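First to last, the protein sequences are chains A and B. Under my numbering, the first sequence has 477 at position 112, and the numbering climbs by one with no breaks. Under my numbering, the second sequence has 439 at position 74, and the numbering climbs by one with no breaks. Beta carbons: idealized from backbone N, C-alpha and C, even for Gly. Keep in mind that this is a model prediction, so the values were computed, not measured. The structure appears below as structure tokens.
Protein chains: 2
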Amino acid sequence: MSRSRAVAEPRRRRSADEAREAILDAAETQLRTVGPGGIRLQEVARVVGVSHPTVLHHFGSREGLVEALVARSLERIQAGLFDAVAAQPGTEGIASLLEQVSKQMKADDRARSFLWLALAGYGPGLKGLAVKPLAEAVHEVRRQKRQGSGKRLPPFEDTWFSVLLPALALLSLSVLEDQGISEFDGVRFRAWLAKLVHRHLES
Amino acid sequence: MSRSRAVAEPRRRRSADEAREAILDAAETQLRTVGPGGIRLQEVARVVGVSHPTVLHHFGSREGLVEALVARSLERIQAGLFDAVAAQPGTEGIASLLEQVSKQMKADDRARSFLWLALAGYGPGLKGLAVKPLAEAVHEVRRQKRQGSGKRLPPFEDTWFSVLLPALALLSLSVLEDQGISEFDGVRFRAWLAKLVHRHLES
DNA sequence: TTCGTTATCGACAAGACTGTTCATAACGAT
DNA sequence: ATCGTTATGAACAGTCTTGTCGATAACGAA
């Protein structure tokens, strides 16, 4: 007996990779809103338009899905940071660099995802995010700039903290920018912070 | 028929307030580790040593428990901040103020709880935390200091951002200090940050 | 077209979690 | 000591969630 169905839509069959990406996309929106612990197979499947056993078929288990999602999210966050830095080679444009970074972190709410993951204990925390290598690069530029003038080069720790500070601030800011801090204040704050850090690096 | 029991421990009956506090304490440890969405009645009850209907009796529902917990947590965080500031009246000791605040936020992992709540959409975000009033107080001190000297008083926004910056940084730092940043670096970073902010406020 | 692979789904299973009900017993008040 | 209030727990119900299994059909390859 043929089951009476609405219009009997034909079953769509994506390639394994396509299906995985679509599923990860749906899971990512859940990650942003309810965190890794709140991801539900049924909800993910519903959004994608498949049944939940299909999700299990592609990722083995719920934990498998979450791990794949974590890996992809961290990769994208890191890649975004890398792009932002690569687009701003000089040390002069710290303001625009901060805006670039902020923009990247805002894309797909990456800062939110990162904090969710950090809180939930997934991922390697800041260690995974290559902020220390970035600090080393900045330090090198700083050294060359000091070459000519008579100013002494501060210890590496000073540069490292100077890079760490905006990173930490931007992270919190991205979460609180939705609630309690207006976007307008956010823009002004980042500009103010950029000037502060720039002045410190130069002095 | 009397059910065969181990030793038939006598039922303990706490006062309603005592029971509520004990239950909230247990729920708070879960909040720190798995976030508000991860709180489980059975787990809370198990830790307290009661049955889970008892928890429901005192809070009506799971959501009632979470709301009560959120309220108590935010109150404590705010009170902790207030204490830290009250214990450091001058603007001179910004370094020790930062350490005080950091200490308060570390007590009971309050920064963690706050970020969990902010991410999950509970609580009024930063608006609830009276950081703007604190900025106003700092600004007043700044004005009086500038009175005698010939220096111009910067706009309030500058003071407000100067207070906001350590707040944001400390928030992120408290989460990442467990993973990726050693506690030693945390202490040095806070000292460095205090000096930076102090120099900025004076200049 | 034919065939093999496998993405997909329906149905079911097992457990977890919240919430309800009713009986019981602990504690304070008189 | 007696009594009323109510904190407490055992048992049960209903829903949600992950995971399994077998059947089916879509797509690529031949």
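No Cβ-Cβ contact shorter than 9 Å links B/S539 with B/A483. Within the same chain, E542 come within 7 Å of B/E548 by CB-CB distance, once the 5 residues on both sides are set aside.
For A/L566, no chain B residue has a C-beta closer than 9 Å to its own C-beta; the minimum C-beta separation is roughly 11 Å. Counting along the chain, the unbroken alpha helix (DSSP H) around A/S478 starts and ends at 475-485. Taking CB atoms only, A/E440 has no neighbour in chain B less than 9 Å away.
For B/S537, the nearest CB of chain A lies under 9 Å from its own CB, placing it at the interface with that chain. Contact with chain B is found for A/F526, since one of that chain's Cβ atoms lies less than 9 Å from the residue's Cβ. Not flagged as an interface residue toward chain B: A/F447, since no C-beta distance is shorter than 9 Å. Taking 9 Å as the CB threshold, A/Q544 lines the interface with chain B. Taking A/I459 as the centre and dropping the five residues before and after it, the same chain places the C-beta of A559, V562, H563 closer than 7 Å to its C-beta, in chain order. Using a Cβ-Cβ cut-off of 7 Å, B/A534 is close to L530, L533, A534 of chain A, given in chain order. Sequence-distant Cβ neighbours of A/V528 in its own chain, meaning closer than 7 Å and more than five residues away, are V496, L499, A500, V503. Under the 9 Å criterion on CB atoms, B/A460 is classed as non-interfacial with respect to chain A.
Contact of B/A485 with chain A is assigned, a C-beta pair being separated by under 9 Å.
Taken through DSSP and simplified to helix, strand or coil, A/L430 comes out as helix. Cβ-Cβ distances below 6 Å link A/R553 to nothing in the same chain once the five nearest sequence neighbours on each side are left out. Shown here, B/I546 sits in coil according to DSSP, grouped into three states, outside any helix or strand. Within chain B, the C-beta atoms nearer than 8 Å to that of A/P489 come from Q544, G545, in chain order.
In the displayed model, A/A452 falls within coil according to three-state DSSP, outside both helix and strand. Residues of the region 465-481 of chain A with a Cβ closer than 8 Å to any Cβ of chain B, in chain order: R477, L480, W481.
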